[in-house]
Amino acid sequence: MTTLVGVGVGPGDPDLVTVKAANLLAKADVVFVPVADSGETGRAEQTVLFYAEAWRVQRVVFALHDRQHTARREQAWDDAAAQVARWFTEHPGGTAAFATIGDPCVYSTFTYLAETVRGLVGGLDVQLIPGITAMQDLAARSGTPLVEGREMLSLFPMTAGPERFREALRRGDAVVAYKFGRMLPETLAALRDTERLDGAVYGAGLGLPEEDIRPARDLDPMGRGPYLSTLIVPPKRTGRGHGLR
Ligand SMILES: C[S@@+](CC[C@H](N)C(=O)[O-])C[C@H]1O[C@@H](n2cnc3c(N)ncnc32)[C@H](O)[C@@H]1O
Numbered sequence: 003m004t005t006l007v008g009v010g011v012g013p014g015d016p017d018l019v020t021v022k023a024a025n026l027l028a029k030a031d032v033v034f035v036p037v038a039d040s041g042e043t044g045r046a047e048q049t050v051l052f053y054a055e056a057w058r059v060q061r062v063v064f065a066l067h068d069r070q071h072t073a074r075r076e077q078a079w080d081d082a083a084a085q086v087a088r089w090f091t092e093h094p095g096g097t098a099a100f101a102t103i104g105d106p107c108v109y110s111t112f113t114y115l116a117e118t119v120r121g122l123v124g125g126l127d128v129q130l131i132p133g134i135t136a137m138q139d140l141a142a143r144s145g146t147p148l149v150e151g152r153e154m155l156s157l158f159p160m161t162a163g164p165e166r167f168r169e170a171l172r173r174g175d176a177v178v179a180y181k182f183g184r185m186l187p188e189t190l191a192a193l194r195d196t197e198r199l200d201g202a203v204y205g206a207g208l209g210l211p212e213e214d215i216r217p218a219r220d221l222d223p224m225g226r227g228p229y230l231s232t233l234i235v236p237p238k239r240t241g242r243g244h245g246l247r
């Protein structure tokens, strides 16, 4: 069976790779990793190298930080899918893993890749292995329960625009923000204006040597965060069982 497996390798700490993912990374014929065109070792790649020998790892270049749906990004998806499809032509019946940070079903390049490779490789079996997401890691490291009782959770990419982020904050739900590094001032302003700054927790570089976790109110209101920054805004809670009331 020709198999492509999208495997989540967590946000950064290699100890946060599941046993299932580690087993696959140890035995797959090849492990593809997404990298930016800068030539640097990719974030997923750094974790993969704890579990797979370098000779089984192949880089696939993506326009990882293009924020819009650009032609350059479309071209990168096509080129990446063609590279993976070529590998299957040369290794019929092989198993390829594609590693992605966090979970492969949460804002992951795997979604686009799998769709395109399916169209190129007949009889391809696509499977998924979940991974621990950045929001789960930040919740655990900062001791912030994400949701309790009847509370609701919105996961919000700041690239969707600050207005929709403000709407989610005004509703009072638990809100998690991703992809806001360059938009940190707008993100903090939205928290202040909706009176949700107190209790919000910021985490950058989770599980990595540069990890920085702190209350959002301690951040420079005009500063910028790195691309790998996550924010948890818990609902206002008043004591045990608040979310059940
Ligand atoms: C393209 S999304 C990938 C999400 C990932 N698939 C997940 O399940 O968490 C990239 C965003 O994930 C968050 N992220 C991923 N890894 C992180 C880390 N180590 N530290 C902080 N935020 C991280 C950041 O908000 C970043 O902008």
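Residue numbering for the sequence shown follows this note's numbering, starting at 3 and increasing by one per position.
For glycine and all other residues, C-beta sits at the position ideal for the given N, C-alpha and C.
DSSP, reduced to helix, strand and coil, places D81 within a helical segment of the structure shown. Counting only residues of its own chain and dropping the five nearest sequence neighbours on each side, F167 has a CB closer than 6 Å to the CB of F158, A192. Contact between the segment 146–157 and the segment 33–45 is absent, with fewer than three C-beta pairs closer than 8 Å. The three-state secondary structure of A170, taken from DSSP, is helix. At a cut-off of 7 Å, the beta-carbon of P211 does not count as near ligand 1: no heavy atom of the ligand is closer than that. For R194, the enclosing alpha helix (DSSP H) begins and ends at 186–195. For the pair G145 and G12, the CB atoms are not nearer than the 8 Å cut-off. When the beta-carbon positions are compared, A98 and A30 come within less than 8 Å of each other. Setting aside the 5 residues that flank it on each side, Q85 is surrounded in the same chain by V62, each with a C-beta closer than 7 Å to its C-beta; the list follows chain order.
The nearest non-hydrogen atom of ligand 1 is less than 7 Å from the C-beta of A136. About 19 Å separates the beta carbon of T102 from that of G205, a gap too long to meet the 8 Å contact definition. Within the chosen limit of 7 Å, ligand 1 reaches the beta carbon of P13 through at least one heavy atom. Under DSSP, V119 takes part in no beta bridge, so it has no partner.
Collapsing the DSSP output to three states places S144 in a helix.
Between F182 and L115, the C-beta gap is not smaller than 8 Å, which leaves the two residues out of contact. Around the C-beta of Q138, 16 or more other C-beta atoms lie within 10 Å, and the residue is accordingly described as buried. It is roughly 32 Å from the alpha-carbon of F64 to the alpha-carbon of E169.
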